[in-house]
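Protein chains in written order, with our numbering: chain F, 37 to 343; chain U, 376 to 908.
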């Protein structure tokens with residue numbers, strides 16, 4: 037197991053390296069940061085002076101290698117927007133984003149597990165139809181629209197919850213509902229289909245024949261086996277959720293990494309984007325690693341070895 | 376079954392623990408909570424902005440939000456009264472222009488910085504010398520301060536500022552972006568320490584806390600030389616999504632918001648305790664037409680090089696219809712020099728201009744126009760800009776022009792068209808003038824700065840001479856006439872088609888009595904914050 041863990045951690049290195057190459061290329065080929073640093077009326081000579089001062093006049097591979105050397109030392113460089121080191125800026129915002137991600141996942145699980153289970157057990161019933169229709173609709177509705185609708189209903193009309201920000205404990209409810217419900221739609225659908233598959237297995241019939249209670253059969257024998265694909269999708273949804281947080285944080289003025297990244301991309305603040313995306317990537321990779329180990333808990337037959 | 380339930384419970388607890396850990400993890404200082412008991416007795420004004428400051432060092436950030444926040448924290452030597460547009464003594468108690476290039480200023484005594492340092496001439500020298508002795512990449516406002524040649528300290532409260540050439544816009548620049556005077560001892564210590572530079576000013580509001588990209592909290596300066604402001608705490612919150620910002624105002628979470636869109640006016644005005652106030656900005660929406668090639672577009676040879684095509688474009692535009700598209704949020708203009716800026720002229724302001732599509736068709740025929748494509752770059756930066764761009768495209772096509780409209784997002788427009796001067800036949804943008812002096816409105820048409828227009832010919836040469844002469848003309852009346860003449864030359868050759876001067880709005884909670892000044896500038900030193908409480 038330790039060897040497997042070490043090998044998985046090592047696999048992250050080339051992934052992160054490739055990520056930085058792609059990110060650097062996209063950021064530098066897709067736009068010119070000097071255009072945001074210079075005065076709008078700056079002459080071509082003034083622009084050239086600023087380009088040289090920041091080293092943006094050097095060949096791109098040279099710029100990338102410089103950035104890479106710095107990153108290996110844990111220094112992502114300085115944000116030219118804030119004129120301060122990029123990594124602390126990102127880490128300062130990480131708790132808010134992780135808080136939102138965790139509560140959103142909790143919301144997603146609380147909705148998806150009962151919905152998926154009941155939908156499978158009562159297949160083709162009005163309840164099943166309701167769950168599948170709601171899932172499809174929920175998946176089709178964009179996050180920002182759901183967010184604005186929730187604000188209008190719960191904050192403006194009912195006055196139950198704050199509109200935006202992270203000033204009160206209840207501030208997290210609306211953004212977490214927005215993100216969580218959209219993740220829940222995918223999770224509920226995958227749980228429904230895997231439960232339907234499991235329900236038809238012979239060991240389920242055997243359990244029923246043994247006289248076990250219906251819910252004991254469903255939860256003890258069915259759900260446990262249906263959870264493997266569910267957990268896989270749960271892990272993958274973490275990436276989707278962090279991506280979605282960019283929009284949700286903007287709508288709800290939530291002071292997390294998503295907002296910081298969005299504002300940094302707009303002005304090609306490469307150091308911050310690089311630091312932020314690397315942190316996001318580590319979180320996603322870490323989540324997937326945890327998911328892999330959850331498989332062994334769910335199904336003791338699964339064993340990992342370095343080969 | 377127990378194992379599964381246990382697993383689910385563990386997963387839930389783990390998520391909860393993560394959430395709780397995030398809550399207690401060390402983070403940047405939070406903005407004060409509205410319901411804290413201590414705050415109940417304090418008058419707090421929360422402002423919902425669409426952008427926020429990125430630096431607390433005034434000359435390094437010149438966005439509108441930054442200028443507002445800086446001006447509340449830092450005083451300048453001169454103040455532009457935003458009711459009368461006149462310049463007034465501020466940290467300089469008096470000033471006189473003793474010769475064409477020398478300004479003698481008597482500084483106000485008894486003023487202290489927020490950290491207790493006394494304000495003296497040393498502060499003036501520190502503030503401006505650190506800009507002009509730096510390099511261009513350090514300060515975005517660097518060019519604006521190059522007019523200062525020397526600063527001669529006569530004593531603690533008297534200083535002479537010598538300009539490199541006669542500088543008629545001296546007062547305008549001394550009250551302009553980045554002018555805030557900084558505490559010298561604190562500044563020097565900060566600069567030496569290598570820490571993030573956080574200067575200290577003498578303004579009505581003092582720094583309290585800052586969550587980058589989220590909010591900045593300022594507290595009233597109890598010792599402000601004009602008396603403590605009529606409030607205790609001001610929280611500037613960054614709420615970029617407009618519908619969220621409006622919802623915050625409606626629920627009372629914030630007291631003031633910027634840029635209320637027309638579709639929300641009725642809702643805000645109909646809501647008890649909130650209203651929308653509008654004001655005229657200095658921003659003018661315009662079409663810039665490329666007249667000739669420039670160093671960034673050396674091979675350009677488009678149809679708009681022909682003055683008849685440019686005139687046809689101008690005649691094809693129905694400004695009244697455009698104003699309808701923006702719900703009347705502007706007035707029609709034929710120039711960028713708007714009142715009360717020196718040189719503004721009634722014949723260019725509140726004028727619809729000639730709309731004559733028939734004549735436009737004739738001009739295209741005279742020019743032998745044969746359907747050559749005109750690339751029209753626009754963005755989505757301003758109110759209904761996409762819709763206005765599409766209407767303009769339709770108006771131009773209605774007279775027979777072949778227009779290729781490309782509406783870009785703001786970042787792409789700035790990076791690929793506007794900033795690198797890669798504009799083709801037409802581009803659309805709005806330009807303001809926070810200086811209320813005409814020098815900046817025509818600077819781009821000086822002969823060494825025509826990268827965007829490529830304007831050339833006798834009128835361009837005459838305009839160049841006038842721009843250079845007006846820049847050093849210390850006689851305000853003669854200078855005003857020079858700027859009027861420059862506007863006439865532009866109107867004749869049409870490198871620009873001016874569309875409308877834009878209005879803007881602020882949504883306000885009734886408990887604060889505040890009339891937006893001339894350009895909507897949010898300065899809270901004199902807000903009557905408790906009038907309706």
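Built from N, CA and C at the ideal position, the CB exists for glycine as well.
- Message: By the DSSP assignment, the alpha helix (DSSP H) with residue 419 of chain U in it spans what residues?
- Response: No alpha helix (DSSP H) holds residue 419 of chain U; the beta strand (DSSP E) holding it covers 419-424.
- Please work out which residues of its chain come closer than 6 Å, Cβ to Cβ, to residue 658 of chain U, disregarding the five sequence neighbours upstream and downstream, and give them in chain order. 805, 807, 877
- Query: Is the region 135-144 of chain F touching the region 215-227 of chain F in the sense that three or more CB pairs, one from each, lie closer than 8 Å?
  - Reply: yes
- Closest by CA to residue 575 of chain U, which one among U:500, U:490, U:553? U:490
- Item | residue 667 of chain U, DSSP secondary structure in three states | coil
- Query: What residues in the region 571-599 of chain U bring their beta carbon closer than 9 Å to a beta carbon of chain F?
  - Reply: 571, 572, 586, 587, 588, 589, 590
- Using a Cβ cut-off of 9 Å, pull out every chain U residue sitting near residue 266 of chain F, in sequence order please. Per Cβ cutoff of 9 Å: no residues; residue 266 of chain F is ~11 Å from chain U at best.
- Item | Minimum C-alpha distance to residue 180 of chain F - residue among U:527, U:619, U:609 | U:619
- Task: Per DSSP, which residues does residue 654 of chain U bridge with? Please list them.
- Result: U:879
- residue 54 of chain F versus residue 170 of chain F - alpha carbon distance: 38 Å
- Helix, strand or coil at residue 753 of chain U [DSSP, three-state]: strand
- chain U residues whose Cβ lies nearer than 7 Å to that of residue 299 of chain F: 588
- Task: Give, in chain order, every residue of the region 176-200 of chain F whose Cβ lies closer than 9 Å to some Cβ of chain U.
- Result: 180, 183, 184, 187, 188, 191, 192, 195, 198, 199, 200
- Item | Pick from F:80, F:243, F:133, F:252 that is closest to residue 296 of chain F, judged by C-alpha positions | F:133
- In the structure shown, what three-state DSSP assignment does residue 694 of chain U receive? helix
- Return yes when the Cβ of residue 604 of chain U is within less than 8 Å of the Cβ of residue 895 of chain U, no when it is not. no
- 8 Å contact criterion, which residue 609 of chain U and residue 420 of chain U should meet: CB distance rounded: 5 Å
- Message: Under 8 Å: do the region 116-131 of chain F and the region 306-324 of chain F share three or more Cβ pairs, one atom per stretch?
- Response: yes
- For residue 239 of chain F, count neighbouring Cβ atoms within 10 angstroms of its own Cβ and tell me buried if that reaches 16, exposed if not. exposed
- Message: Using 8 Å as the cut-off, can you tell me whether the region 770-785 of chain U makes contact with the region 646-660 of chain U, which would need three or more C-beta pairs spanning the two stretches below that distance?
- Response: no
- Task: Please confirm whether residue 269 of chain F and residue 222 of chain F have their CB atoms less than 8 Å apart.
- Result: yes
- Message: Could you pull the DSSP bridge partners for residue 590 of chain U from this structure?
- Response: U:586, U:612
- Task: Look at the alpha carbon of residue 701 of chain U and the alpha carbon of residue 759 of chain U, and state the distance between them as a whole number of angstroms.
- Result: 6 Å
- Query: Tell me which same chain residues have a C-beta within less than 7 Å of the C-beta of residue 522 of chain U, skipping the five on either side of it?
  - Reply: 538, 539, 542, 548
- Whole-Å CB distance - residue 479 of chain U paired with residue 470 of chain U, under 8 Å assumed: 7 Å
- Message: Just to confirm, is the Cβ distance from residue 157 of chain F to residue 227 of chain F under 8 Å?
- Response: no
- Beta-carbon contacts of residue 769 of chain U that lie in its chain and below 6 Å, excluding the five residues immediately before and after: none
- Item | Which residues DSSP lists as bridging residue 550 of chain U, in chain order | According to DSSP, residue 550 of chain U bridges with nothing at all.
- Going by CA-CA distance only, name the one from U:517, U:519, U:466 that's closest to residue 495 of chain U. U:466
- Item | Beta-carbon proximity list for residue 890 of chain U, same chain, < 8 Å, skipping 5 on both sides | 652
- Query: In angstroms, rounded to a whole number, what distance separates the CA positions of residue 716 of chain U and residue 843 of chain U?
  - Reply: 18 Å
- At which residues does the beta strand (DSSP E) containing residue 802 of chain U begin and terminate? 801-806
- Message: Using DSSP's beta-bridge definition, name the partner residues of residue 455 of chain U.
- Response: U:462
- Item | Exposure label - residue 437 of chain U; buried when at least 16 CB within 10 Å | buried
- residue 815 of chain U versus residue 712 of chain U - alpha carbon distance: 10 Å
- Item | Any C-beta of chain F under 8 Å from that of residue 382 of chain U | Per-residue confidence for residue 382 of chain U stands at a pLDDT of 47, beneath the threshold of 50, marking its modelled position as unreliable; the derived number appears in the next sentence. Yes, because at least one Cβ of chain F sits closer than 8 Å to the Cβ of residue 382 of chain U.
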